[in-house]
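There are 4 protein chains.
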Amino acid sequence: MNAQSAVRVAVVGATGYAGAELVRLLARHPRASLTAVTSERDAGRVLGQVHRTLSFVGLTLEAADVDAVAKAADIAFVALPHGTSTGFVSGLLERGLRVVDLGADFRFSDRALYEQWYGPHAAPELLGEAVYGLTEHARAAVSGARLVANPGCYPTGALMALAPLADAVRGVVIVDSKSGTSGAGRKAATGQLFAEVTENIRPYAVWEHRHQPEIEFHVGAAGARDVHVLFAPHLLPVARGLLTACYFEAEAGLDVSRRFSEAYGGEPFVRLLGEDGVPEPRNVRGTNLTEIGWRRDARTGRVVVMTAIDNLGKGAAGQAVQNFNCMTGIEETCGLDDLVAALP
Amino acid sequence: MNAQSAVRVAVVGATGYAGAELVRLLARHPRASLTAVTSERDAGRVLGQVHRTLSFVGLTLEAADVDAVAKAADIAFVALPHGTSTGFVSGLLERGLRVVDLGADFRFSDRALYEQWYGPHAAPELLGEAVYGLTEHARAAVSGARLVANPGCYPTGALMALAPLADAVRGVVIVDSKSGTSGAGRKAATGQLFAEVTENIRPYAVWEHRHQPEIEFHVGAAGARDVHVLFAPHLLPVARGLLTACYFEAEAGLDVSRRFSEAYGGEPFVRLLGEDGVPEPRNVRGTNLTEIGWRRDARTGRVVVMTAIDNLGKGAAGQAVQNFNCMTGIEETCGLDDLVAALP
Amino acid sequence: MNAQSAVRVAVVGATGYAGAELVRLLARHPRASLTAVTSERDAGRVLGQVHRTLSFVGLTLEAADVDAVAKAADIAFVALPHGTSTGFVSGLLERGLRVVDLGADFRFSDRALYEQWYGPHAAPELLGEAVYGLTEHARAAVSGARLVANPGCYPTGALMALAPLADAVRGVVIVDSKSGTSGAGRKAATGQLFAEVTENIRPYAVWEHRHQPEIEFHVGAAGARDVHVLFAPHLLPVARGLLTACYFEAEAGLDVSRRFSEAYGGEPFVRLLGEDGVPEPRNVRGTNLTEIGWRRDARTGRVVVMTAIDNLGKGAAGQAVQNFNCMTGIEETCGLDDLVAALP
Amino acid sequence: MNAQSAVRVAVVGATGYAGAELVRLLARHPRASLTAVTSERDAGRVLGQVHRTLSFVGLTLEAADVDAVAKAADIAFVALPHGTSTGFVSGLLERGLRVVDLGADFRFSDRALYEQWYGPHAAPELLGEAVYGLTEHARAAVSGARLVANPGCYPTGALMALAPLADAVRGVVIVDSKSGTSGAGRKAATGQLFAEVTENIRPYAVWEHRHQPEIEFHVGAAGARDVHVLFAPHLLPVARGLLTACYFEAEAGLDVSRRFSEAYGGEPFVRLLGEDGVPEPRNVRGTNLTEIGWRRDARTGRVVVMTAIDNLGKGAAGQAVQNFNCMTGIEETCGLDDLVAALP
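Chains as they are written, first to last, in the working numbering: chain X, 3 to 346; chain Y, 3 to 346; chain G, 3 to 346; chain P, 3 to 346.
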């Protein structure tokens, strides 16, 4: 394949944090050609005027238009606020594009479950077709998919820990997650002001967050039986980064280390830290990596698995590009393997 | 004086950062009785529901109403956004109250200068009466004032440095200030999001900020002749704190150390650090203190004076309470002298 | 009681973070007279030269000397690094002083358990006498104690959550704690450098931390039977503050809200937030408060209780002063009730 | 040139912040082959054990040995603490290597000036040969140099502003710089603890810092006559990033915008922001870029130029690699132009 054969891609919703990170990754992706970027708020402005770090891209933001995007690109990354993407995604699919959707709209094949948490779905006929793109666990399906639902950041952090062990998990999984603020998006909100976030950690939506059913559904899909997930997210005074601790009981014979070696031993984007290692968000910052550490307590048999991801990397744009690579038959690490977290 | 003789005070605009700090200070002030707190956004809610740390106060927020405030209080602290306070202040004065206004509306006795920077003034007849409340330099006038214009945070930081030296300053004063984000208030704004502020420092309104004429006007009032101020503010990844560096040429004979000793030697809220000392915002955090350090360069004769204040303390609520004490004949340190910056 | 009757107190180890906070609290305590402060590193220096914010205290640091401290004070607060305080505490007791020890040396009445985690104990005869000073749960004992072992910050955060429910807890308690860096003290260490801590969260000593047996022992003392504690601490990019989440199974009939109301309903230093409330460290910063929120999951019966304290407040110096008040018959809130967390 | 022709490079002092950033850049540099990394403290450990993010490199740290480095590499990057590198650099040069030294030892051709600030120089015969590697202003000399003295971070920030205007500067230049903590290195120090740095800004070594003579000397070398530099550095609660403001008087006819266009118009690593633009460290984070904005005040004729760099990028490792590219005839942007600051 040569330069001419680059895949034409568009980013719909390019000025939010996930969208901007997609642009950062795709603009320097050796096999992608970024042809269109959209923004409702900033339509008409050059992207580099909105985000100076992206001035090298040289594109002008347009209001999102299905026909325009369909004309410009072969694959579209849709990073719109929840609920606003359904129709747009349908329209793109109808026009023959393939889509990686970073919103929540297509993450459940179970319509009732979706609607219980999110309200009526505008395109339920697509729910069965969408592939949940936790790449390491869905490669085959992703590679052939028209529509990939990119997992949420919290579910990615939890499922990278739980999926390889799912059938051995028993009862209740406590998921205690700590996220950087960029996970909440770039929308102005009093609670996200610097002065409200610094020197604090804020639990929110404890056991009521919409990512709880997403985790529970997909840990079930990975083989867990009758497992309940209790999910407590926390807001950190950190821009990027997501640390997740999963606490649970497991069947007696489970060899956690062996499971992770088997599941992720050859994975380019997984860094296994073993029983003594503790993952840290700063070590994956700006990358598509997942760090994983674990421990089983001899007295109680309880297991903890901790993961660290960049909520905008593996938790959003990084995984979206990884899925894109799978979908198109490009080397899965292409455009992602030269990202190295800076120290400090 | 006994408990019955406490002065009844109201805070108009009690849920912003300056307003909430006023409440924090006044609610525990031994000689003030906080009787009313207002908020447009949160009218009807108990203050402690908006700011849990203030739940001990036990007051309910009301929409600002001149008659209600006038009935409840003898002195009102007005902490409204710029331009919205003029009419309110006039109304309170008409009803016999005395007012400490934390906005910019009454900080210039020069109407033309005010209007050049802020637009038409709604109550120009009050400009001559208002006292600019840089307390250490205006005690006598403050004590008898009906209307005290509380200085802006940046001007306070600069004028505490410049006022004692004003007649000896020559030519141009460079003021390079670094402020915590709470100086910008509690309004939701994309540029104030944690993820936009952390791990950065952002200059803004360089040589165009409205506090430039305020500094220049009052350094002139303090005795400077033909002095120009060039003012460059910066936004720090810090919630509270304001560091100001003033660079200037001075007349040859100026003895900076002696001037500061004479000006501030006995001041309870000024910590003179001398020629080797450097002020730090964390050392005044939560207090009404000003730290001051200085140095004169032997080669060039140039002087630098640096000050650190808490932008919500001496830069806003602290100084307002100091002025209140002056206005009422209460000991000037009352309610302020037991505030000690915590380490860390 | 009048001013003359103030209790003479000394702070042994006054320049670390806990020691400096003790000084901050005691120097303005209306019924304590701070007469001596010690520091090995900075002996001979005026305290205000080491910590400028404490310059109002006016004491000179001395090397710790049992006789000198015994002569100067009636009650000593000992804030020395672990293992270095045992002999010093013994010496003070022998000379007739009463002691609040902020180290770990006297927190277990079970010598074997202590020595399993910390090594040989130098004064085991005192282990039975020392009172574990979680004040709300040990008032009577504290009031008569010669030696109070001030609880660790993590155990305080966990036990304020667990003690009122201890008899109803079943099986395993997961304690996931997130602490500010001041909990690790003021000693230079690469891992505590700003550049290593910012924009990160770092789990450490997961399920191996020395505060695990302290929590487990005292939750047992509070009535739990056969309860295992699994403890995972995390380092936050925050100077002060400690958030603790305790997850556990409880007996079916447990009414969590009622238990907390009964246990803490009238407590001046506990802010009960109920089932919808989430505690936040910033709301207790600089104070002796504990915020508590909780929730029981209907599907699984699992309970989460979250607490927020200031690790230097209720987690160290604040509780030490609270214990001091109890020991001396001074009003328990004296010197602590006017501390109000600033916003922001 | 093909893969075989990659230049063999070593990083001496690879575990400090500048050294680790060099490794990050060189390990992925398409034309460099990183063959040796040294560390005194961590000799014998695999680099990835010290800095997990660099585990992809696969090298083992060795104690610095001139012969070993000379055998392994053609060009060495020396990132040792000041004063320790002189002998090492001499030894490498004697063995035929070319060196980029990131320390201060070779930044002055004026021995007396060096020794006034740093003490006796151990290899004064090299001072005349060393090239001061502010790349944009020294390309020809750098390309042929055996020894490049990489400029300090503060001087880089100031000189990128001043060099193009040097001959038009009059009198005194005020340089007010604000730096991230990584500029102070990775050595444990109480003053660099997170709890000492957060929520603060700390001026230090005001008008006494060793980078003052470096700036003054090289602004003179760039054409300034009788210009005095007064330099005030500040420590920010930021890991990476350096903002510099230069204030000065200039000759009447100076056209600042034109000067910058001419000097930097085609430069790949300079982003000119013009008269309305303000540079921000976050926009250059992780890159070799310099952002520059400026303004001339009509009333006073005074000029301000502000620059933002990453103190570990253009301020250290980035510029070192840029110099390396120049020295070897490799495209100057090689290995650097795909670095894009992430948002946020």
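We put the beta carbon where it would ideally sit given N, CA and C, even for glycine. Please read these numbers as outputs of a predicted model, since none were measured by experiment.
I want to verify the contact list: residues of chain X whose CB lies under 9 Å from the CB of residue i, in sequence order.
i: Glu399 (chain P); result: Here chain P has residues from 3 to 346 only, and residue 399 (chain P) is not among them.
i: Asn327 (chain P); result: By Cβ distance, chain X contributes nothing, its closest Cβ being about 18 Å from Asn327 (chain P), past 9 Å.
i: Glu282 (chain G); result: Asn202, Ile203, Arg204 and Pro205
Taking C-beta pairs closer than 7 Å, name the residues in chain G that residue i reaches, listed in chain order.
i: Leu220 (chain X); result: Correcting the residue type first, residue 220 (chain X) is His in the shown sequence and not Leu. The contacting residues do not exist; His220 (chain X) stays about 18 Å from chain G at best.
How would you list, in chain order, the residues of chain P whose beta-carbon sits under 8 Å from the beta-carbon of residue i?
i: Gly245 (chain Y); result: The sequence given here has Leu at residue 245 (chain Y), not Gly. Neighbours of Leu245 (chain Y) on chain P, chain order: Ile203, Pro205 and His236.
i: Asp340 (chain X); result: Arg30 and Asp340
In its own chain, which residues sit with a C-beta less than 7 Å from the C-beta of residue i, not counting the 5 before and 5 after it?
i: Leu297 (chain X); result: Looking at the sequence provided, one finds Arg at residue 297 (chain X) rather than Leu. Hits under 7 Å: Glu277 and Val306.
i: Ala226 (chain Y); result: Ala168, Asp169 and Val171
i: Leu343 (chain P); result: The sequence as given places Ala at residue 343 (chain P); Leu does not occur at that position. Closer than 7 Å at Cβ, skipping near neighbours: Arg284, Asn285, Val286, Arg287, Gly288 and Thr289.
Expressed to the nearest angstrom, what Euclidean distance is found between the alpha-carbon atoms of residue i and residue j?
i: Gly93 (chain X); j: Val101 (chain X); result: 10 Å
i: Ser233 (chain G); j: Glu201 (chain Y); result: It should be pointed out that residue 233 (chain G) corresponds to Phe in this sequence rather than to Ser. Looking at the two C-alpha atoms, the distance is approximately 31 Å.
i: Ile77 (chain G); j: Ala34 (chain G); result: 10 Å
i: Arg141 (chain Y); j: Glu293 (chain Y); result: 20 Å
i: Val150 (chain G); j: Val144 (chain G); result: 7 Å
i: Pro126 (chain G); j: Asn325 (chain G); result: 22 Å
i: Lys73 (chain Y); j: Ala8 (chain Y); result: 16 Å
i: Glu218 (chain G); j: Ala22 (chain P); result: 42 Å
i: Tyr116 (chain P); j: Phe110 (chain P); result: 6 Å
i: Asp312 (chain P); j: Gly187 (chain P); result: 14 Å
i: Ala81 (chain Y); j: Ser87 (chain Y); result: 8 Å
i: Asn327 (chain G); j: Thr137 (chain G); result: 10 Å
i: Ala147 (chain X); j: Ala310 (chain X); result: 27 Å
i: Asp257 (chain G); j: Ser263 (chain G); result: 10 Å
Kindly say whether residue i, judged by its beta-carbon, lies nearer than 8 Å to any beta-carbon of chain Y.
i: Tyr266 (chain G); result: no
i: Tyr156 (chain X); result: no
i: Trp209 (chain P); result: yes
Measure from the C-beta of residue i to each C-beta in chain P and report whether the shortest distance is under 8 Å.
i: Pro239 (chain G); result: yes
i: Tyr116 (chain G); result: no
i: Thr55 (chain X); result: yes
i: Arg242 (chain X); result: yes
Taking 8 Å as the CB-CB cut-off, is residue i touching chain G?
i: Asn290 (chain Y); result: no
i: Ser41 (chain P); result: no
i: Leu94 (chain P); result: no
i: Tyr134 (chain P); result: no
Which residues in the same chain as residue i place their Cβ atom closer than 6 Å to its Cβ, once the five residues preceding and following it in sequence are excluded?
i: Leu36 (chain P); result: Val11, Leu28 and Ala29
i: His213 (chain X); result: Gly154, Tyr156 and Pro157
i: Ala66 (chain P); result: Val14 and Thr40
i: Leu341 (chain Y); result: Gly288 and Thr289
i: Asp44 (chain X); result: Thr17, Val52 and Leu63
Kindly list the residues whose CB is nearer than 8 Å to the CB of residue i, restricted to its own chain and excluding five residues on each side of it in sequence; keep chain order.
i: Ser179 (chain Y); result: Tyr156, Gly159, Ala160, Phe233, Ala234, Pro235, His236, Leu244, Leu245, Thr246 and Ala247
i: Val71 (chain X); result: Ala12, Val14, Ala38, Thr40, Ala78, Leu94 and Leu99
Which chain P residues are close to residue i, counting only those with a beta carbon under 9 Å from its beta carbon?
i: His230 (chain Y); result: Asp299, Arg301, Thr302 and Arg304
Between residue i and chain X, is there a C-beta pair that is closer than 8 Å?
i: Met3 (chain Y); result: The pLDDT assigned to Met3 (chain Y) is 41, lower than 50, so where the model puts this residue is not dependable, and the model offers no usable value.
i: Ser184 (chain Y); result: yes
Could you work out which residues of chain Y lie near residue i, taking near to mean beta carbons separated by less than 9 Å?
i: Ile176 (chain P); result: Ile176, Asp178, Ala247, Tyr249, Arg304 and Val306
Against residue i, what residues of chain G qualify as contacts under a CB-to-CB distance less than 9 Å, listed in chain order?
i: Arg26 (chain Y); result: Val342, Ala343, Ala344 and Leu345
Chain X partners of residue i, CB-CB under 7 Å?
i: Ala197 (chain G); result: Pro346
The segment 300 to 312 of chain P: positions lying closer than 8 Å to chain Y by Cβ:
Arg301, Thr302, Arg304, Val306 and Met308
Along the segment 46 to 77 of chain X, what residues have a CB closer than 7 Å to any CB found in chain G?
none
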